[in-house]
Amino acid sequence: MMKYLQKLGKALMLPVAVLPICGLLMGIGYLLCPSTMQGGDINGFVNLLGLFLVKAGAALIDNMALLFVIGVGVGMSDNNDGTGGVAALASWLMITTLLSAGTVTAFMPSVADNQDAMLAFGKIANPFIGIIAGIIGSTCFNRFKNTKLPDWLSFFSGKRCVAIIAGVVSIIASVILLFVWPLIFGALIALGQAIVGMGAVGAGIYAFLNRLLIPVGLHHALNNVFWFDTIGLGDLSHFWAGETSADVTWSLGMYMSGFFAPMMFGIPGAALAMIQCAKDNKKKVAIGLIASAAVCSFVCGVTEPFEFAFMFLAPALYLIYALLYGIFTVIAVAIGFRAGFCFSGGATDLLFSASLPAAQNTWMIIPLGIAAFVVFYAVFRFAILKWDLKTPGREDDDVSDEEKAAVLSNNDYTKVAEIILEGLGGKDNITDCDNCITRLRMEVKDYTLVDEKKIKSAGVAGVMRPSKTSVQVIIGTKVQFVADEMKKML
9 MMKYLQKLGK ALMLPVAVLP ICGLLMGIGY LLCPSTMQGG DINGFVNLLG LFLVKAGAAL
69 IDNMALLFVI GVGVGMSDNN DGTGGVAALA SWLMITTLLS AGTVTAFMPS VADNQDAMLA
129 FGKIANPFIG IIAGIIGSTC FNRFKNTKLP DWLSFFSGKR CVAIIAGVVS IIASVILLFV
189 WPLIFGALIA LGQAIVGMGA VGAGIYAFLN RLLIPVGLHH ALNNVFWFDT IGLGDLSHFW
249 AGETSADVTW SLGMYMSGFF APMMFGIPGA ALAMIQCAKD NKKKVAIGLI ASAAVCSFVC
309 GVTEPFEFAF MFLAPALYLI YALLYGIFTV IAVAIGFRAG FCFSGGATDL LFSASLPAAQ
369 NTWMIIPLGI AAFVVFYAVF RFAILKWDLK TPGREDDDVS DEEKAAVLSN NDYTKVAEII
429 LEGLGGKDNI TDCDNCITRL RMEVKDYTLV DEKKIKSAGV AGVMRPSKTS VQVIIGTKVQ
489 FVADEMKKML
């Protein structure tokens, strides 16, 4: 189950990776053409160019559910085969058509008298259903891609039958969702309303849970409730649509604003504490690992290289880390700081979201950032030294000369891949090789042949062992280059 959830989390990163271009296009567009969101005439080349860029970015944001369909359909299919994406799209079209409010009321007129049910079916075309369609499409591909039919149906054998089977499964799923979806939708609404009703504290609880669920990838499910228009919230989608708090029932941006200070300044402060607490003979290794992760977090809000560097070494510290996110979110929302992101809470998204009408008091990132840097630094330094936590550079195992010499920053991806492959027991021990945006995900035959110390000598951020046959190597944003070299060797 854990392996399946991790694969789903990786597949979800494919559509999420599209979001930065939305923010870039819409941010520049709003700067060039304020009338796009404020009203008024749009004249001249600059204004028209701005409108063009806004529409280009909105084309992706407005169809995020479809991106989830294709992303999950392809990402969870064996060998990332596009046939799974086609099957997922077929499933999506069938489910959203059969469960649209008009279709449901045609077959069950009594539903029209139930306002909650009507709202649920009116929101059926959402990322959550997109994920379900993606799972149906990819699962049907994985199970039926090699199906052989009788000669008179041989044209539909193999991959050609996948979309057909996905359609049949989708009809069954639609019948089930006809009764289950209103209940699920009601539960999501209850969760959202409970947190919305708690104001800044509710936003803090959400931020805490968001960070806490990252190790298992379930934060994506939570994000769908608050960032996208799954139940009528959609903090992210409404923010980038140029709306304000007057257009929604909550303070627009409150479920994104609290991430900026921790990601841009808190993580660099925590990284400095870790480096200072590292053993003298391991400081260079710690700097090479943590400093680059801190820069990555500040610029684009990618926090996985930093988080995976210590979450399994010091889980108690990771819990504290998640709590700090919750606290700073409460503070940011309470004092009126509002900013949004399309990808994550880094400086790039802050820059482009600052011109949107929902953005407020963005200058407060300076005092908030200073406070986050100081607090994260002080808390991490105190906790590490007080409880002797094994953060990067404080591990008990001795570091060999080979470990000291091998650093990922040398860009010799072939050498890095060779060392990792040797640590995994050689190519004959590998049954599957894949990667997400920061991790190699490997499947091995014999787990006893895996040498974690050897793998770490490549200068990677860490090694995870989710199961006896699964090994994940935390590399960072350069993982694709290493994965490409690894696949060549295999």
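Here the sequence shown is numbered in my numbering, starting from 9 and rising by one per residue. Even glycine gets a Cβ: it sits at the ideal position worked out from N, Cα and C. Note that the coordinates shown come from a computational prediction; the quantities given were computed from them, not determined experimentally.
In the three-state scheme derived from DSSP, where H, G and I count as helix and E and B as strand, I132 is classed as coil. The three-state reading of DSSP puts M262 in coil, since its state is none of H, G, I, E or B.
Under the Cβ criterion (8 Å, minimum of three pairs), the segment 329–337 does not count as touching the segment 294–304. Excluding sequence positions up to five before and after V307, its CB lies within less than 7 Å of the CB of G354, A355, T356, all in the same chain and listed in chain order. In the DSSP assignment, D440 falls within the unbroken beta strand (DSSP E) covering 438–443. Here M116 is exposed. Its C-beta has fewer than 16 other C-beta atoms within 10 Å.
In this structure, T477 and Y455 form a Cβ contact; the two beta carbons are roughly 6 Å apart against a cut-off of 8 Å. Following the DSSP letters along the chain, one finds V80 inside the alpha helix (DSSP H) bounded by residues 72–83.
Look at the beta carbons and you see the segment 74–86 not touching the segment 362–378: under three pairs across the two are nearer than 8 Å.
For L220 and F247, the gap between their C-alpha atoms comes out near 25 Å. Close CB contacts of I275 within its chain, under the 6 Å cut and outside five residues either way in sequence, are with A302, S305, F314 (chain order). Counting only residues of its own chain and dropping the five nearest sequence neighbours on each side, A330 has a CB closer than 6 Å to the CB of F216, R219, L220. Ranked by how close their Cα comes to the Cα of A181, the residues A249, A379, T105 have T105 in first place. When rounded, the separation of the alpha-carbon atoms in L457 and V94 is 39 Å. Rounded to whole angstroms, the gap between the alpha carbons of P474 and Q488 is 21 Å. DSSP, read as helix, strand or coil, puts G433 in coil.
As computed with DSSP, R447 is found in a beta bridge with I482. Relative to Y263, the option among D243, T257, P270, D255 whose CA is nearest is D243. With contact defined as three or more Cβ pairs closer than 8 Å, the segment 132–146 and the segment 63–80 are in contact. For M472, the uninterrupted beta strand (DSSP E) segment begins and ends at 470–472. Contact between I374 and L358 is absent: CB atoms are separated by about 11 Å, not below the 8 Å threshold. If you look at C285, you'll find it in the alpha helix (DSSP H) that goes 275–285. In the structure shown, R402 falls within a coil segment according to DSSP collapsed to helix, strand and coil.
Remark: three or more beta-carbon pairs, one from each stretch, lie closer than 8 Å, so the segment 374–384 and the segment 267–281 are flagged as touching.
Bridge pairing for Q368: R346 [DSSP].
DSSP places V452 in the strand class (E or B) of the three-state scheme. Taken atom to atom, the span from the alpha-carbon of M497 to that of K292 is near 30 Å. Here L33 is not near L57, since their CB atoms are 7 Å or more apart. In this chain, E251 is not harboured by any alpha helix (DSSP H), its DSSP state being neither H nor E. In the displayed model, C41 falls within coil according to three-state DSSP, outside both helix and strand. For M272, there is no enclosing alpha helix (DSSP H), as DSSP marks it with neither H nor E. Distance from the CA atom of A73 to the CA atom of A491, rounded to whole angstroms, is 28 Å. I463 sits close to V471, with the two beta carbons spaced by under 7 Å.
Straight through space, the alpha carbons of A425 and A466 are spaced by roughly 8 Å.
Taking all protein chains shown into account, N289 has fewer than 16 neighbouring C-beta atoms within 10 Å of its C-beta and is therefore exposed. In the assembly as shown, W160 is an exposed residue. Its beta-carbon has fewer than 16 other beta-carbons within 10 Å.
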